[in-house]
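Trainee: Input: one structure, supplied below.
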Amino acid sequence: MSWSRFDAVLLRSTWDYTERLVPVLAWCERVDRVTTLLNPLPVLRWNTDKHYLADLQGAGVPVVASVFVEPDAEPLPAVQAFLSAFADVAEFVVKPAVGAGSRDTQRYARAQAFAAANHVGRLLASGRSVLLQPYLPSVDVDGETALLYFDGEFSHAIRKGPLLRPDEGPTSHLFAAEAITARTPGEDELAVGSDVLAALQAHLGLETTLPYARVDLIRSPEGQPQLLELELAEPSLFFAQGPGAAERFVARLCARLRLAGATKSRRSGASR
3 MSWSRFDAVL LRSTWDYTER LVPVLAWCER VDRVTTLLNP LPVLRWNTDK HYLADLQGAG
63 VPVVASVFVE PDAEPLPAVQ AFLSAFADVA EFVVKPAVGA GSRDTQRYAR AQAFAAANHV
123 GRLLASGRSV LLQPYLPSVD VDGETALLYF DGEFSHAIRK GPLLRPDEGP TSHLFAAEAI
183 TARTPGEDEL AVGSDVLAAL QAHLGLETTL PYARVDLIRS PEGQPQLLEL ELAEPSLFFA
243 QGPGAAERFV ARLCARLRLA GATKSRRSGA SR
């Protein structure tokens, strides 16, 4: 495929990237050299590893408490240190730092520290970093709120029901069954969503908004919306739950490409 024949390449539905991140990013680099890649390459490099949460937390974004365990760590002491630091947490989540959907992700009770450590150990042994987070009980009642943005503008929101079941081992499947419904977000959720996108642009030095972004939020025990994940590489955009969302996405994308084409033509004319 000669990607240079296209004005732009829109990255979508790359749901297996976590299994082969290095070749996927290498492909992105090749495409980026010859045309416009959307979302941009620096965004994809940054967002395909959940260490980005630490960057956003450092920028003042309210993020679900996140502790990373690196491949040279001992699994059980790492889990025990996490439980000691979060003494009031009844359940917690183990997930890979490079991961998508629910694959290799599971929730554990405090009494299951050894099982969790075995899970962590398997991920570390494969050279993967691991993320430990408290399991926020609000998700069992209110679910997650996912905010969808096209070209920096809020489009629609959905509610995702509880995904991780207690006493079930980590799945090898990409997705688990979940209930998805349309949701009207709260003003506080929209405010956090705007803060997340602003922090993203400032951190990466982006001059323009992104064609698509999904901000996944969960409420803390105190009721504050907190960022669970920021999806910029392969998110489901839930067009079915947002009337007119697909049309809005296409319209904004076409407007972006027309503007880019006009700018390129002006620059080409000025150089002659």
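The opening residue of the sequence shown carries number 3 in my numbering; numbering runs sequentially from there. C-beta: ideal position from N, C-alpha, C; glycine also.
1) Just to confirm my understanding: we take V194, look at its own chain, exclude 5 residues before and 5 after, and list those with CB closer than 8 Å. What are they?
2) Looking at the structure shown, is H121 part of a helix, part of a strand, or coil, going by DSSP?
3) On the three-state DSSP scale, how would you describe Y275?
4) Can you tell me which of A242, T211 and A235 puts its alpha carbon nearest to the alpha carbon of L46?
5) Using only the alpha-carbon positions, how far apart do E146 and P136 sit?
6) Buried or exposed: where does D106 fall if 16 or more other Cβ atoms within 10 Å of its Cβ makes it buried?
7) Pull up the DSSP beta-bridge partners for Y151, would you.
8) Specify the secondary structure class of E249 as computed by DSSP and reduced to three states.
9) Where do the N-terminal and C-terminal ends of the beta strand (DSSP E) with L12 fall, by residue?
10) Nearest by alpha-carbon distance to E93: which of R109, A80, F70 and V122 is it?
11) Report the rounded CA-to-CA distance for R161 versus L27, giving the unit in angstroms.
12) Looking at V69: is its Cβ nearer than 7 Å to the Cβ of V33?
13) Tell me whether the segment 123–143 and the segment 184–204 touch, counting them as touching only if at least three CB pairs, one residue from each stretch, are closer than 8 Å.
Mentor: Reading off the structure:
1) Your numbering for residue 194 matches position 192 in the sequence shown. Counting only Cβ-Cβ distances below 8 Å, and skipping sequence neighbours, we find V63, P64, V217, L219, P227, Q228 and L229.
2) Reading the sequence shown from its first residue, position 119 is the one you call residue 121. It is helical.
3) Absent from the model: residue 275. The displayed extent of the chain is 3 to 274, so no value can be given.
4) Counting from 1 along the sequence shown, the entry for residue 46 is found at position 44. Of A242, T211 and A235, the residue nearest in Cα terms is A235.
5) The residue given as residue 146 occupies position 144 in the sequence shown. The residue given as residue 136 occupies position 134 in the sequence shown. Our two residues, E146 and P136, have alpha carbons roughly 14 Å apart in a direct line.
6) Here residue 106 is taken as the residue at index 104 of the sequence shown, counted from 1. Answer is buried; the Cβ neighbour count reaches 16.
7) Here residue 151 refers to the residue found at position 149 of the sequence shown. DSSP, once it has assigned bridges, lists F156 and A215 as partnering Y151.
8) Mapped onto the sequence shown, residue 249 falls at position 247. Three-state result, E249: helix.
9) Position 10 of the sequence shown, counting from 1, holds the residue named residue 12. Where L12 is concerned, the enclosing beta strand (DSSP E) stretches over A10 to L12.
10) Position 91 of the sequence shown, counted from the start, is the residue given in the question as residue 93. Of R109, A80, F70 and V122, the residue nearest in Cα terms is R109.
11) Position 159 of the sequence shown, counted from the start, is the residue given in the question as residue 161. Position 25 of the sequence shown, counted from the start, is the residue given in the question as residue 27. Computed Cα separation, rounded: 31 Å.
12) Position 67 of the sequence shown, counted from the start, is the residue given in the question as residue 69. Position 31 of the sequence shown, counted from the start, is the residue given in the question as residue 33. No. Outside cutoff.
13) no
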